[in-house]
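Let me begin by presenting the structure, written as structure tokens, before commenting on it.
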Amino acid sequence: MTTKATNIHPVFDRIIGRDEKEQFLNQRARVIWMTGLSGSGKTTIAIGLEKELQKRGFLTQILDGDNIRTGINKNLGFSDEDRTENIRRIAEVSKLFVNCGIITINCFVSPTLAIREQAKEIIGDDDFREVYVNASYEECEKRDVKGLYKKARNGEIKNFTGLDAPFEAPENAFLEIKTADLSIEESVRCLVDAILSDISQA
0 MTTKATNIHP
10 VFDRIIGRDE
20 KEQFLNQRAR
30 VIWMTGLSGS
40 GKTTIAIGLE
50 KELQKRGFLT
60 QILDGDNIRT
70 GINKNLGFSD
80 EDRTENIRRI
90 AEVSKLFVNC
100 GIITINCFVS
110 PTLAIREQAK
120 EIIGDDDFRE
130 VYVNASYEEC
140 EKRDVKGLYK
150 KARNGEIKNF
160 TGLDAPFEAP
170 ENAFLEIKTA
180 DLSIEESVRC
190 LVDAILSDIS
200 QA
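Take the sequence shown: its position 137, counted from the start at 1, is 136 in numbering that gives the first Met the number 0, and no numbers get skipped.
Dropping the structure here:
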């Protein structure tokens with residue numbers, strides 16, 4: 000059993016605040032949390048979104064599942080406990096970016112309602128924008144851009160979301176993007192249109 004340290008003295012009250020940083024960057028920070036099955040298009044849409052926002056003068060940071068798991072979360076597996084800790088750490092990092100005034104674009108399967116609710120509680124309801132990148136398991140398996148579905152079918156990957164681990168679709172997403180019906184360009188445009196007024200300084 001671990002105990003909490005008692006010699007921690009936060010300095011949040013002495014550092015430059017979020018409001019000043021947002022004014023400096025001329026934007027309002029938000030976390031755009033994209034959830035959906037592996038292969039649904041989250042990362043591809045995020046990259047397109049980042050490029051479009053940069054053209055408009057916005058500063059962003061993408062946090063992607065594979066990148067995070069090769070760095071800050073490389074010690075975590077895919078058990079329920081590790082998935083929860085994975086999202087907790089990501090949410091805490093996202094909150095740091097938001098406090099710096101940076102628009103943070105997250106691409107994580109984050110498969111359950113509870114795990115995404117945990118992230119929203121950490122980040123804050125006012126700053127959390129859940130985007131459901133909706134593609135069916137069959138559609139994602141057909142794409143299988145990383146070869147994960149084949150491995151899961153062959154039993155090489157356990158607890159694979161959508162096959163032998165659940166995915167719970169958002170109930171009240173900020174935006175739903177059906178990537179089986181839209182091109183990447185249309186998906187990005189849909190997301191840009193949805194968030195532009197939200198991240199712009201009035």
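All C-beta atoms, glycine included, are put in the ideal place defined by N, C-alpha and C. Note that the structure is predicted; figures quoted are calculated from it, not measured.
Of the listed residues the options, nearest to residue i (C-alpha basis)
i, options, result
"Q200", "G16, I14, Q22", "Q22"
"E167", "K20, G16, L36", "L36"
"K157", "E138, D79, F96", "D79"
"V130", "T42, D143, R142, C99", "T42"
"I67", "G47, K50, R88", "R88"
"L162", "I176, E137, R142", "E137"
"D126", "L112, E184, R142, N98", "N98"
Residues near residue i in its chain [Cβ-Cβ closer than 8 Å; skip 5 each side]
i, result
"N25", "G56, Q200"
"I114", "R82, T83, I86"
"D192", "none"
N- and C-terminal bounds of the beta strand (DSSP E) containing residue i
i, result
"R128", "127-133"
"K177", "174-177"
"Q60", "59-63"
"R30", "Looking at the sequence provided, one finds Val at residue 30 rather than Arg. Here the beta strand (DSSP E) through V30 covers 30-34."
"C99", "Per DSSP, C99 belongs to no beta strand (DSSP E) and is neither H nor E."
CB-CB length for residue i against residue j, believed under 8 Å
i, j, result
"V108", "T34", "7 Å"
"I101", "A28", "6 Å"
Residue i at chain B interface by Cβ criterion, 8 Å
i, result
"N72", "The structure shown has no chain B; it contains just one protein chain."
Range of the contiguous alpha helix (DSSP H) that encloses residue i
i, result
"K150", "147-152"
"K50", "41-54"
"R13", "Note, R13: premise wrong, no alpha helix (DSSP H); not H, not E."
"K119", "112-122"
"I194", "183-198"
Cutoff 7 Å; reference residue i; Cβ partners in own chain excluding five residues on either side
i, result
"T160", "L36, S37, V108, P110, F166"
"K94", "I121, I122"
"K150", "I156"
Own chain, CB closer than 6 Å to residue i, minus 5 neighbours either side, in chain order
i, result
"A90", "A118, I121, I122"
"Y148", "E140"
"L174", "V130, A193"
Per-residue burial, residue i [other beta carbons within 10 Å of its own, 16 or more giving buried]
i, result
"N171", "exposed"
"V187", "buried"
"G146", "exposed"
"V132", "buried"
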